[in-house]
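Be aware that the sequence shown starts at 573, since it is given in the working numbering, and climbs by one per residue.
Using N, Cα and C, we set each Cβ at its ideal position, and we do this for glycine too.
Given the structure is predicted, the values throughout are model-derived calculations rather than measurements.
Quick notes on the structure that follows.
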Amino acid sequence: MGESITYRVGSHWPGFRGISNLVIFGASYCDVGYHYNKERPTPSNPLGVPFPGVCWTEEGPNWVGHLITKYYPHPRFDPSLEEQSQEYMKNPLLVYNYAKGGDMVDGIERQVETPLVGKKINEGLWTAENALFVTWVDINDCGTPNVDIPTHINKLLGVQQKLYDAGARNFLLFGIPPLHRSPAGKFSFSSSGRCGFRRERADLWNSLLGKEIENFAILHEDVTASLFSPATTFNRLLDDPTRFGFDVNGATIWADHIHPTSRAHDFLAADLARFLEGISPRQPGSLG
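As structure tokens, this is what we get:
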């Protein structure tokens, strides 16, 4: 997968600073252990669970926690404070994170059906202008050899259409990281049907996903639609791990066979923030 790309900037995009609701769908790389039916996010508890949540890292935040505490424009949440600043409390970034470890595209379809997602403008939870809808699902799909990738990509874009119909206008999807370079990717489990982290499957996923997001943006002139490339971040770390403070063989990039450490997630969050900050709001009268 190449660099991150924005296919269209619509009139509802306020810039990264203007986003006050982050709605996330995905699997283990995004999961913080949030349960929508127990507690809603608040300015003093923006994840809806005690920071950093329960993540699939060795300890510490995943990219979501790093993003909201280190890289979102000021004012931002500071987990070291018992009381947040008044400036932040007036303009918090809240995270509705429905991601569940192990989910594939079928799981994303279920996540999107959760009650709070559809409660949109008229109930004041989010608006077309202040919410960014993030979807990162691909690892379990691509890692399962009998999954038909084109079918899953079509389903995934169908989910984005459901979000659009509910009022969402700002969309960010993640491509797949280079899992053929992970500890799991160094071994072949295809004969057992449990794992198939083949580079060609990842390349196919990323290629089709980019084309379908582009088509989605063409069909909906009022959306902002972007594709973020985590592969760019991970390849940079894996190509020269000691430069970034990891051990020489890159083992400390990984918390286990497939999940990155919190520190690796930190680099991912920094790159994501730079990408989002680079998407400027559309000027009145200009084309998307």
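Extent of the continuous alpha helix (DSSP H) run through residue i
i	result
V731	721-737
T716	Element bounds for T716: n/a, residue is neither H nor E.
I596	No alpha helix (DSSP H) contains I596, which is instead part of the beta strand (DSSP E) from 593-598.
L844	834-849
V684	677-684
L781	771-791
K642	Counting along the chain, K642 falls outside any alpha helix (DSSP H), and DSSP gives it neither H nor E.
Q658	658-662
Exposure label - residue i; buried when at least 16 CB within 10 Å
i	result
H638	buried
V677	buried
L844	buried
T614	exposed
K783	exposed
S763	Any reading at S763 needs caution, since the residue's pLDDT is 43, under 50, leaving its predicted position unreliable; the model's value is listed next. It counts as exposed.
Q683	buried
F847	buried
T723	exposed
S801	buried
T669	Residue 669 is actually Asn in this sequence, not Thr. Buried: at least 16 other Cβ atoms inside 10 Å.
T796	buried
R534	Coverage of the chain is limited to positions 573 through 860, which leaves residue 534 absent and any answer about it impossible.
K672	buried
N778	buried
G765	Note on G765: pLDDT 45, under 50, position unreliable in the model; no value is reported.
R815	exposed
L728	buried
F761	Low confidence applies here, because F761 scores a pLDDT of 48, under 50, leaving its location unreliable; read the following figure in that light. Its Cβ having fewer than 16 others within 10 Å, F761 is exposed.
L735	buried
Nearest-angstrom Cα separation, counted from residue j out to residue i
i	j	result
F818	R835	9 angstroms
L809	P750	11 angstroms
N694	D737	Low confidence applies here, because N694 scores a pLDDT of 45, under 50, leaving its location unreliable and the question unanswered by this model.
I711	I748	6 angstroms
I596	V604	10 angstroms
Y643	T716	34 angstroms
P664	I830	32 angstroms
F806	P832	9 angstroms
H561	R771	No answer is possible for residue 561: the residues shown for the chain start at 573 and end at 860.
N609	L594	17 angstroms
Q855	V706	24 angstroms
D713	I721	7 angstroms
Q732	I640	24 angstroms
F588	E849	5 angstroms
H837	F746	14 angstroms
W826	E631	12 angstroms
L619	F649	10 angstroms
L704	I725	20 angstroms
V626	N787	36 angstroms
E654	G757	42 angstroms
W628	D675	13 angstroms
Range covered by the beta strand (DSSP E) that runs through residue i
i	result
S798	796-800
N742	742-746
L704	703-708
L653	From DSSP, L653 is part of no beta strand (DSSP E); its letter is neither H nor E.
I577	577-580
L666	666-669
Proximity of residue i and residue j at Cβ, strictly below 8 angstroms
i	j	result
H646	N742	no
G598	V709	yes
Y579	A823	no
P586	E701	yes
P624	P633	yes
Q656	S616	yes
I851	V667	no
L840	W635	yes
L799	I785	yes
T804	S600	no
Closer than 7 angstroms: residue i CB and nearest the ligand MN heavy atom
i	result
M661	Absence of the ligand MN is noted for the structure shown, with no ligands found whatsoever.
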